[in-house]
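Chemist:
Numbering (my numbering), first residue to last: 457 to 1063.
#1: Residue 710 and residue 694: beta carbons closer than 9 Å?
#2: Which of helix, strand or coil does DSSP assign to residue 732?
#3: For residue 1015, which of 1057, 979, 1049, 997 has the nearest alpha-carbon?
#4: According to DSSP, is residue 878 helix, strand or coil?
#5: Among 731, 648, 699, which has the Cα closest to the Cα of residue 690?
#6: Starting from residue 972, trace the beta strand (DSSP E) in both directions and tell me its first and last residue.
#7: Could you work out which residue in 730, 748, 554, 543 is closest to residue 566 when comparing CA atoms only?
#8: Note down the Cα distance separating residue 1043 from residue 786, rounded to an integer number of angstroms.
#9: Just reading off the alpha helix (DSSP H) that residue 925 is part of, what are its end residues?
#10: Can you list the beta strand (DSSP E) stretches of 3 or more residues lying completely in the segment 827 to 904, in chain order?
#11: So who's on the other strand from residue 692, going by DSSP bridges?
#12: In the DSSP assignment, find the alpha helix (DSSP H) that holds residue 751 and state where it starts and stops.
#13: Would residue 405 be called buried (16 or more neighbouring beta carbons within 10 Å of its own) or exposed?
#14: Rounded to whole angstroms, what's the CA-CA distance from residue 869 to residue 631? Just pull it up for me.
#15: With contact counted as at least three CB pairs below 8 Å, one residue from each stretch, are the segment 1006 to 1022 and the segment 698 to 715 in contact?
#16: Taking the Cβ atom as the reference point for each residue, do residue 933 and residue 890 lie within a distance shorter than 9 Å?
#17: I need the boundaries of the beta strand (DSSP E) containing residue 519, first residue and last residue.
#18: Going by beta carbon distance, what residues of the same chain come within less than 6 Å of residue 635, once the five residues before and after it are set aside?
#19: Do the CB positions of residue 605 and residue 545 come within less than 9 Å of each other?
#20: For residue 633, count neighbouring Cβ atoms within 10 angstroms of its own Cβ and tell me buried if that reaches 16, exposed if not.
#21: Just confirm the distance between the C-beta atoms of residue 603 and residue 547, as a whole number of angstroms; I'd bet it's less than 8 Å.
#22: Please report the distance separating the alpha-carbon of residue 978 from that of residue 590.
#23: The beta strand (DSSP E) that contains residue 1014, what's its start and end?
#24: Start and end of the alpha helix (DSSP H) containing residue 795?
#25: Under a three-way DSSP split, which group does residue 485 fall into?
#26: CA-CA distance, residue 505 and residue 569?
#27: Just how far apart, CA to CA, sit residue 790 and residue 646?
#28: Could you pull out every residue in the same chain whose Cβ sits closer than 7 Å to the Cβ of residue 874, ignoring the five residues on either side in sequence?
#29: Let me confirm a value: residue 904 is counted as buried when at least 16 other C-beta atoms fall within 10 Å, else exposed. Which label applies?
#30: Output the distance between the C-alpha atoms of residue 1001 and residue 507, rounded to the nearest integer angstrom.
#31: In three-state DSSP terms, what is residue 980?
#32: The alpha helix (DSSP H) that contains residue 1061, what's its start and end?
#33: If we count Cβ pairs, one from each stretch, closer than 8 Å, do we get three or more for the segment 803 to 811 versus the segment 831 to 848?
#34: Could you check whether residue 960 and residue 993 sit closer than 9 Å to each other, using their CB atoms as the reference points?
#35: Once DSSP output is grouped into helix, strand and coil, what is the label at residue 1041?
#36: By a C-beta neighbour count over all protein chains shown, 10 Å radius and 16 as the cutoff for buried, is residue 824 buried or exposed?
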């Protein structure tokens, strides 16, 4: 959340991602000579049959007659916006075998690679190639690998590039057969609304289907999944099957699980559909100051913006009303406290929001952690508040090098924040309301990048909220990620989504509810949250931040997520009928915009 204009923090990540790609390319060994029994397995590698056998992102690929390296055709691929012009194909291979991937390319920043190898995925690239240049890399398949994806792509913002005469030389793969039935299905975690499952990996599979009571409810790329949207204190039966290009196996033996009785972070007496807004209480900006008593009844959760630290690393949080010189119409402290009590008497929740764009908070020491607990408690007690909103932005949260598992973080700023919030929850009890408002950079970007990455060099803030959300999921009332001031983010469909329309909110919210493998690692899957724990975060007006979404597009997003209609090209992994509602920055900006945001919310849900 920001006091002034929006900022976008993706330039550093793109550079870091490039560094990671370069590091991967640096690991490539010199290509050995192909064996006598080896064959070229790539289909239509010379693009003589157009794009037959190839899948290209968006409309980026086409077969052209000039320039060519050999034959009469070559691939022309043009990056555009967030599309890096990737073209790929799946190739059947043998396990435990060596392969040489090669292609002739022309252009700047052209990449050639292979993924799904079962060992170390590889890539290589050329920075600039005025004439045709051959790229070559090698890899060895894993013990159960029967297919790999070979690909080429360019880089964002670069001109068109050309690819020709691509070959994958090595032992021919056996015909694909339907995989075996998965064994070892078991439950690994059970909550009031979700069941986490795992099973033994099946050789030769490309994915798994998860069934509840005989109905398919989820898919997975690895041997684990979390089924969400369940009813408390209810018994369910689950099965799983394995799939590949040949078809689907029979279902596994069933396992039963009974969800818990409920409670936890969702038991805070919020309405089934809640509207959350930030109130500029400690500062003024172009939207003007709004007194607490003047906040309309539409708002169910009011986050006071902001509590800020005395210094970045002190943990000592302070909050005060906007000075009269800055906000001439500010109420007195007594009036402010009385208005808070009146809101609470009407069933509303009032929280202190910590951080914002200017309030960097780094709990790097236990002393800072303890100061955070003490000072936040003082604010809550002074104003009689219902809980805490964590709006850490900028450099507040980052992961130390080597901190690679969101399930067991080691970075002090992460560990100490989790500990501090748990202390506050324990102090105030089950009615304590806990919300979070991270940016997409710190959450959904974790699907691709987590911390500094396996080779280092990535932005250590990427995905850094995930361990906090995961550790506090049983205490969490609402997560409302800021779906604005964001660069393009890859969704579960492996396509990039851009803010400003329904599609972005659908894809970003679906990720939170379905769960996802972190940094593509199927052994480290972030489990989906309950729908009642999730709200969509949007700016209230065009002045409030980049990525303003019109009411019509907001309603399309709600229709898709709640009713599975108006979904456009993105298909959700579930129907999230219990989605809690919407959050906006801010109440002040909504007032400035004639209450368009809150009025649309009320009209949609019939309030």
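Beta carbons are placed, not taken as given, at the ideal position from N, Cα and C, and that holds for glycine.
Modeler: On the basis of the supplied data:
#1: Closer than 9 Å, so yes.
#2: In the displayed model, residue 732 falls within a strand according to three-state DSSP.
#3: When each option's Cα is compared against that of residue 1015, the closest is 1057.
#4: Helix, per DSSP.
#5: For residue 690, the nearest C-alpha among the options comes from 648.
#6: From DSSP, the beta strand (DSSP E) with residue 972 extends over 971 to 974.
#7: Selected option, being the one with the closest Cα: 543.
#8: Note on geometry: alpha-carbon atoms of residue 1043 and residue 786 lie some 15 Å from one another.
#9: Counting along the chain, the alpha helix (DSSP H) containing residue 925 begins and ends at 922 to 927.
#10: If we require 3 residues or more, the beta strand (DSSP E) runs fully inside the segment 827 to 904 come out as 843 to 847, 889 to 892.
#11: According to DSSP, which records beta bridges pairwise, residue 692 is partnered with 713.
#12: First-last for residue 751: undefined, no H or E at that position.
#13: Because the chain is modelled from 457 through 1063, residue 405 falls outside the range shown and cannot be assessed.
#14: Taking the straight line from one Cα to the other gives about 51 Å.
#15: Taking 8 Å as the limit for Cβ pairs, the verdict is that the segment 698 to 715 does not touch the segment 1006 to 1022.
#16: Going by C-beta atoms, residue 933 is nearer than 9 Å to residue 890.
#17: Where residue 519 is concerned, the enclosing beta strand (DSSP E) stretches over 517 to 520.
#18: Answer for residue 635: 658, 660, 661, 698, 700, 705, listed in chain order.
#19: Closer than 9 Å, so yes.
#20: Exposed, since its Cβ has fewer than 16 Cβ neighbours within 10 Å.
#21: At roughly 6 Å, the Cβ-Cβ gap stays under 8 Å, so residue 603 and residue 547 are in contact.
#22: Roughly 33 Å separates the two Cα atoms.
#23: Per DSSP, residue 1014 lies in no beta strand (DSSP E) segment; the continuous alpha helix (DSSP H) that holds it begins and ends at 1007 to 1014.
#24: 789 to 801 is the extent of the alpha helix (DSSP H) around residue 795.
#25: Any reading at residue 485 must be qualified, since the residue scores a pLDDT of 35, below 50, and its modelled position is unreliable; the value itself is stated next. Secondary structure at residue 485: coil, using DSSP grouped into helix, strand and coil.
#26: Taking the Cα positions, residue 505 is about 22 Å away from residue 569.
#27: Taking the Cα positions, residue 790 is about 46 Å away from residue 646.
#28: Cβ within range, chain order: 924, 927, 928.
#29: Per the 10 Å Cβ criterion, buried.
#30: One C-alpha to the other measures close to 41 Å.
#31: In this structure, residue 980 counts as strand in the three-state DSSP scheme.
#32: From DSSP, the alpha helix (DSSP H) with residue 1061 extends over 1052 to 1061.
#33: Yes, they touch.
#34: Cβ atoms of residue 993 and residue 960: not closer than 9 Å.
#35: The answer is strand: DSSP assigns residue 1041 an E or B state.
#36: Answer is buried; the Cβ neighbour count reaches 16.
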